[in-house]
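*Asks:*
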Amino acid sequence: AQKVTQAQTEISVVEKEDVTLDCVYETRDTTYYLFWYKQPPSGELVFLIRRNSFDEQNEISGRYSWNFQKSTSSFNFTITASQVVDSAVYFCALLRNNNDMRFGAGTRLTVKP
Amino acid sequence: DGGITQSPKYLFRKEGQNVTLSCEQNLNHDAMYWYRQDPGQGLRLIYYSQIVNDFQKGDIAEGYSVSREKKESFPLTVTSAQKNPTAFYLCATSRGGLNYGYTFGSGTRLTVV
Numbered sequence: 013a014q015k016v017t018q019a020q021t022e023i024s025v026v027e028k029e030d031v032t033l034d035c036v037y038e039t040r041d042t043t044y045y046l047f048w049y050k051q052p053p054s055g056e057l058v059f060l061i062r063r064n065s066f067d068e069q070n071e072i073s074g075r076y077s078w079n080f081q082k083s084t085s086s087f088n089f090t091i092t093a094s095q096v097v098d099s100a101v102y103f104c105a106l107l108r109n110n111n112d113m114r115f116g117a118g119t120r121l122t123v124k125p
Numbered sequence: 098d099g100g101i102t103q104s105p106k107y108l109f110r111k112e113g114q115n116v117t118l119s120c121e122q123n124l125n126h127d128a129m130y131w132y133r134q135d136p137g138q139g140l141r142l143i144y145y146s147q148i149v150n151d152f153q154k155g156d157i158a159e160g161y162s163v164s165r166e167k168k169e170s171f172p173l174t175v176t177s178a179q180k181n182p183t184a185f186y187l188c189a190t191s192r193g194g195l196n197y198g199y200t201f202g203s204g205t206r207l208t209v210v
């Protein structure tokens with residue numbers, strides 16, 4: 013079965029704190045892609061990152077970083093020095109083939125000033 | 098600029114009425130998708146289409162219908178058979194292939210009263 017679990021339903025932090033959003037996935041496929049999307053209050057999903065199953069290198073983009081570990085089937089997302097504009101719902105997703113992108117339930121992040 | 102247009106942004110309908118949600122894209126992407134989003138449940142796939150005049154059911158197709166007469170358009174009809182239609186509906190497109198991921202529209206919030 014293909015499944016994505018985001019155990020954290022809601023997280024609240026104060027501005028400038030670091031925060032990590034967890035994502036655990038299940039798949040029997042050897043080739044797949046993992047994604048993180050941000051959903052601001054306006055509703056559209058904004059692409060943040062894509063990682064294929066053969067590339068376990070961690071990635072950093074400004075205040076964002078991602079840690080992919082196949083051994084634990086996890087693809088966690090860290091925001092360093094959080095800002096109010098980071099407040100949104102964040103989704104982790106698994107793309108197994110072109111027709112089957114599975115989403116986690118999402119984590120609502122609130123960053124307070 | 099290329100993108101996906103979903104209209105209207107907000108839609109109200111009386112119970113028992115069919116309603117059609119529009120999704121138009123000018124990205125020249127072959128594949129199009131409809132997702133439903135409910136609080137705390139992430140995104141669930143309703144229907145998808147990889148080419149014109151062809152579409153497939155997703156996980157929650159009951160009570161919905163689609164058509165794909167043109168590459169640019171993939172309208173979703175929520176029929177009176179859908180027992181709980183109030184939700185946020187997102188349309189997505191894909192160029193095809195695992196490594197491209199999906200591009201999302203801004204969504205339509207449907208409320209049935």
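Chains as they are written, first to last, in my numbering: chain A, 13 to 125; chain B, 98 to 210. Ideal Cβ placement from N, Cα and C applies to all residues, glycine included.
For residue 79 of chain A, decide whether its Cβ has a neighbour in chain B, counting only Cβ atoms nearer than 8 Å.
*Replies:* Not an interface residue.
*Asks:* Thinking C-alpha only, which one of A/101, A/27, A/108, A/94 is nearest residue 59 of chain A?
*Replies:* Cα-wise, what sits closest to residue 59 of chain A is A/101.
*Asks:* Is the separation between the beta-carbon of residue 174 of chain B and that of residue 108 of chain B shorter than 8 Å?
*Replies:* Against a cut-off of 8 Å, the Cβ pair of residue 108 of chain B and residue 174 of chain B comes out as no contact.
*Asks:* Say whether chain A places a C-beta atom closer than 8 Å to the C-beta of residue 145 of chain B.
*Replies:* With 8 Å as the cut-off, residue 145 of chain B counts as an interface residue toward chain A.
*Asks:* Can a CB atom of chain B be found closer than 8 Å to the CB of residue 66 of chain A?
*Replies:* With 8 Å as the cut-off, residue 66 of chain A does not count as an interface residue toward chain B.
*Asks:* Check whether the Cβ of residue 115 of chain A lies closer than 8 Å to any Cβ atom in chain B.
*Replies:* Cβ-Cβ to chain B under 8 Å: yes for residue 115 of chain A.
*Asks:* Comparing the C-beta of residue 57 of chain A with each C-beta of chain B, is any distance below 8 Å?
*Replies:* Chain B contact via Cβ: present.
*Asks:* Taking 7 Å as the limit between beta carbons, can you name the residues of its chain near residue 147 of chain B, skipping five residues before and five after?
*Replies:* So the list reads 127, 128, once near-sequence residues are dropped.
*Asks:* Please say whether residue 88 of chain A and residue 33 of chain A have beta carbons closer to each other than 8 Å?
*Replies:* Yes, these two residues count as a Cβ contact at 8 Å.
*Asks:* At a CB-CB cut-off below 7 Å, which residues of chain A make contact with residue 201 of chain B?
*Replies:* What residue 201 of chain B touches in chain A: 56, 57.
*Asks:* Give the residues from the stretch 37-55 of chain A that approach chain B closer than 8 Å (Cβ to any Cβ), ordered along the chain.
*Replies:* Taking 8 Å as the Cβ-Cβ cut-off against chain B, the residues of the stretch 37-55 of chain A that qualify are 43, 44, 45, 47, 49, 54, 55.
*Asks:* Under the DSSP definition of a beta bridge, which residues are partnered with residue 110 of chain B?
*Replies:* Beta-bridge pairing links residue 110 of chain B to B/209.
*Asks:* Report back the beta-carbon spacing between residue 142 of chain B and residue 161 of chain B to the nearest angstrom; my notes put them in contact at under 8 Å.
*Replies:* With a Cβ gap of about 11 Å, residue 142 of chain B and residue 161 of chain B do not count as contacting.
*Asks:* Residues of chain B with a CB under 8 Å from the CB of residue 21 of chain A: which are they?
*Replies:* Within chain B, the residues near residue 21 of chain A are 137.
*Asks:* If we ignore side chains and look at the alpha-carbon of each, how far apart do residue 210 of chain B and residue 134 of chain B end up?
*Replies:* C-alpha separation (whole angstroms): 18 Å.
*Asks:* Express the C-alpha separation of residue 158 of chain B and residue 104 of chain B in angstroms, rounding to a whole number.
*Replies:* Roughly 20 Å separates the two Cα atoms.
*Asks:* Going along chain A in order, which residues have a C-beta closer than 8 Å to the C-beta of residue 153 of chain B?
*Replies:* The answer, in chain order, is 111.
*Asks:* Please go through the same chain and pick out, in chain order, the residues whose beta-carbon is closer than 7 Å to the beta-carbon of residue 184 of chain B, but skip the five residues on each side of it.
*Replies:* Cβ within range, chain order: 133, 134, 135, 207.
*Asks:* By alpha-carbon positions, which one of B/179, B/200, B/163, B/138 ends up nearest to residue 113 of chain B?
*Replies:* Ranking B/179, B/200, B/163, B/138 by Cα distance to residue 113 of chain B puts B/179 first.
*Asks:* For residue 94 of chain A and residue 124 of chain A, I'd like the C-alpha separation in whole angstroms.
*Replies:* The alpha-carbon atoms of residue 94 of chain A and residue 124 of chain A are separated by roughly 9 Å.
*Asks:* Is the beta carbon of residue 28 of chain A closer than 8 Å to that of residue 114 of chain A?
*Replies:* Against a cut-off of 8 Å, the Cβ pair of residue 28 of chain A and residue 114 of chain A comes out as no contact.
*Asks:* If you measure from the beta carbon of residue 103 of chain A to each beta carbon in chain B, is any gap under 8 Å?
*Replies:* Yes, residue 103 of chain A counts as interfacial toward chain B.
*Asks:* Please decide whether residue 62 of chain A counts as near chain B, where near means a Cβ-Cβ distance under 8 Å.
*Replies:* Yes, contact with chain B.
*Asks:* Within the same chain, show all residues whose beta-carbon is closer than 6 Å to that of residue 100 of chain B, passing over the 5 residues directly before and after it, in chain order.
*Replies:* Here the set comprises nothing.
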